[in-house]
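Data block below; observations after.
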Amino acid sequence: MNNVLSTKVSIFRNLKDYKFVPKLKDEEKQEIKEKIEKLLDGKSTHITLFDGEHLTIESRVDGYSNTAFEQAKEVADYLSHKISFAYSDEYGYLMSDIKKIGAGVRLECEMCLDSIKVLGKMDQLRQNLAKLGYVLIETKLPSVYKISTMCNLGMGENQIREDFEKTIQKLQDLEVESIKILDLNKHDELMDKMCRSIAILSSAYILTFDELNKLIIHVRNGINLGLTNIKVETINKLQKLTQDQNQEFISQSELKDLASKVKSILKGE
Numbered sequence: 007m008n009n010v011l012s013t014k015v016s017i018f019r020n021l022k023d024y025k026f027v028p029k030l031k032d033e034e035k036q037e038i039k040e041k042i043e044k045l046l047d048g049k050s051t052h053i054t055l056f057d058g059e060h061l062t063i064e065s066r067v068d069g070y071s072n073t074a075f076e077q078a079k080e081v082a083d084y085l086s087h088k089i090s091f092a093y094s095d096e097y098g099y100l101m102s103d104i105k106k107i108g109a110g111v112r113l114e115c116e117m118c119l120d121s122i123k124v125l126g127k128m129d130q131l132r133q134n135l136a137k138l139g140y141v142l143i144e145t146k147l148p149s150v151y152k153i154s155t156m157c158n159l160g161m162g163e164n165q166i167r168e169d170f171e172k173t174i175q176k177l178q179d180l181e182v183e184s185i186k187i188l189d190l191n192k193h194d195e196l197m198d199k200m201c202r203s204i205a206i207l208s209s210a211y212i213l214t215f216d217e218l219n220k221l222i223i224h225v226r227n228g229i230n231l232g233l234t235n236i237k238v239e240t241i242n243k244l245q246k247l248t249q250d251q252n253q254e255f256i257s258q259s260e261l262k263d264l265a266s267k268v269k270s271i272l273k274g275e
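Sequential numbering of the sequence shown, starting at 7, is according to this note's numbering.
Have a look at this one:
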């Protein structure tokens with residue numbers, strides 16, 4: 007799926023015989039923390055404690071892949087054999103947030119949906135996704151949106167994952183259809199933007215993060231139209247350079263370094 011930047015899976019769990027986070031005493035939090043740390047014993051995994059639920063197991067991968075789900079599920083299954091989670095035969099895993107009750111899973115993807123946005127279809131898309139049980143949120147990156155599952159009740163993990171994958175594929179197909187519609191009347195303009203973007207990315211001495219984001223969109227559109235041999239994995243590597251950029255002030259040397267990293271990634275393709 008050319009327009010998926012990343013996939014993230016969060017699995018939420020609460021320990022049996024403990025109150026939900028808002029009612030937990032400090033000594034109880036310490037007990038839970040010590041139990042989890044002892045069970046993991048240095049195992050490499052990303053677990054957050056007391057962020058809404060007792061624990062949140064997270065896994066994130068570039069692009070779209072079931073690997074994120076499998077990694078998080080492996081940790082959840084391991085822990086479930088060692089400790090008892092709050093669970094109901096009728097409702098599934100019990101949570102303080104009603105939207106998490108059931109499978110206790112949240113799937114998220116970050117996608118570039120520039121062509122859908124240009125055609126003015128985002129509001130309608132957001133409404134349609136909400137009816138299907140998904141949330142669409144605009145991120146700080148231009149034309150990049152986060153799509154996530156909203157409710158677990160009455161659904162198993164496999165069904166949630168299969169439905170989510172089908173939804174993301176439909177969004178990818180819609181984005182490709184949208185860029186093809188734009189291409190009918192603006193082929194030369196799209197081709198020119200893509201070629202100029204590749205040229206700048208390949209030779210710029212100084213590059214800002216804002217400029218990099220805009221150039222990436224033009225190349226991604228070219229990939230969807232089959233106008234370039236640049237791989238989507240390469241573009242996602244470039245996009246990754248911008249995702250953790252939160253500084254208000256960027257020095258000239260950092261902008262030079264960014265341009266150098268971009269050229270290195272393109273040359274390494």
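Beta carbons are placed, not taken as given, at the ideal position from N, Cα and C, and that holds for glycine.
- Item | Status (buried if at least 16 other CB within 10 Å, exposed otherwise) for Lys123 | Note on Lys123: 16 or more other CB atoms within 10 angstroms of its CB, so buried under the neighbour-count rule.
- Task: Thinking Ile204 and Val225 are a contact (beta carbons under 8 Å), I'd like their distance in whole angstroms, please.
- Result: Contact between Ile204 and Val225 holds, since their C-beta atoms are separated by about 6 Å, short of 8 Å.
- Item | Ile153 versus Gly139, Ile104, Gly162 and Leu190, residue with shortest Cα-Cα distance | Closest by alpha carbon: Gly139.
- Item | Residue nearest to Ile17 in terms of C-alpha spacing, selected from Ala109, Lys41 and Thr145 | For the residues Ala109, Lys41 and Thr145, the minimum Cα distance to Ile17 belongs to Ala109.
- Query: Using 8 Å as the threshold, is the region 209-218 in touch with the region 258-265, meaning 3 or more CB pairs across them?
  - Reply: The region 258-265 and the region 209-218 touch, with three or more beta-carbon pairs separated by less than 8 Å.
- Query: Expressed to the nearest angstrom, what Euclidean distance is found between the alpha-carbon atoms of Val27 and Ser102?
  - Reply: When only Cα atoms are considered, Val27 and Ser102 end up about 8 Å apart.
- Item | First and last residue of the uninterrupted beta strand (DSSP E) at Leu147 | Counting along the chain, Leu147 falls outside any beta strand (DSSP E), and DSSP gives it neither H nor E.
- Message: For Ser16, list the residues DSSP reports as bridge partners.
- Response: Its beta-bridge partners are Glu64 and Arg112.
- Looking only at DSSP bridge pairs, what is Gly160 linked to? For Gly160, no pairing in a beta bridge is given by DSSP.
- Query: In the structure shown, what three-state DSSP assignment does Tyr24 receive?
  - Reply: Residue state, collapsed to three classes: coil.
- By Cβ distance below 7 Å, which residues in the same chain neighbour Leu91 in space, the five residues on each side in sequence not counted? The sequence shown places Phe at residue 91, rather than the Leu named in the question. Short of 7 Å from the beta carbon of Phe91, and not among the five residues preceding or following it, lie these beta carbons of its own chain, in chain order: Arg19, Asn20, Leu21, Lys22 and Tyr99.
- Item | Continuous beta strand (DSSP E) stretch holding Asp57: start and end | Where Asp57 is concerned, the enclosing beta strand (DSSP E) stretches over His52 to Asp57.
- Item | Cα-Cα separation between Asn134 and Glu34, rounded to whole angstroms | Their backbone Cα atoms lie some 43 Å apart in a straight line.
- List the whole-angstrom C-beta distance separating Asn158 from Val111, where the pair is believed to meet the contact cut-off of C-beta under 8 Å. The beta-carbon distance between Asn158 and Val111, rounded to whole angstroms, is 6 Å. This is short enough to meet the 8 Å contact definition.
- Item | Identity of the residue in Ile53, Lys25, Asp179 and Val150 nearest Asn230 by Cα | Measuring C-alpha to C-alpha distances from Asn230 to each of Ile53, Lys25, Asp179 and Val150 identifies Asp179 as the nearest.
- From the DSSP output, in three-state form, read off Tyr99 for me. The answer is strand: DSSP assigns Tyr99 an E or B state.
- In whole angstroms, what is the alpha-carbon distance linking Cys115 and Asn72? The C-alpha of Cys115 lies about 12 Å from the C-alpha of Asn72.
- Query: Is Leu11 helix, strand or coil by DSSP?
  - Reply: Strand at Leu11.
- Query: In chain order, what residues of the same chain have a beta carbon less than 6 Å from the beta carbon of Tyr84, not counting five sequence neighbours either side?
  - Reply: Cβ within range, chain order: n/a, list empty.
- Of the residues Leu55, Met117, Ser86 and His60, which one's Cα is nearest the Cα of Gly69? Answer by Cα proximity: Met117.
- Query: What first and last residue would you give for the alpha helix (DSSP H) that runs through Phe75?
  - Reply: Its alpha helix (DSSP H) spans residues Thr73 to Ser86.
- Cβ pair Asn9, Glu181 closer than 8 Å: Yes.
- Is it the case that the Cβ atoms of Ile89 and Ala78 are separated by a distance below 8 Å? In this structure, Ala78 does not lie closer than 8 Å to Ile89 by Cβ.
- If I'm right that Asp120 touches Asn227 with Cβ under 8 Å, what's the distance once you round it to whole angstroms? Yes, Asp120 and Asn227 are in contact; Cβ-Cβ is about 7 Å, under 8 Å.
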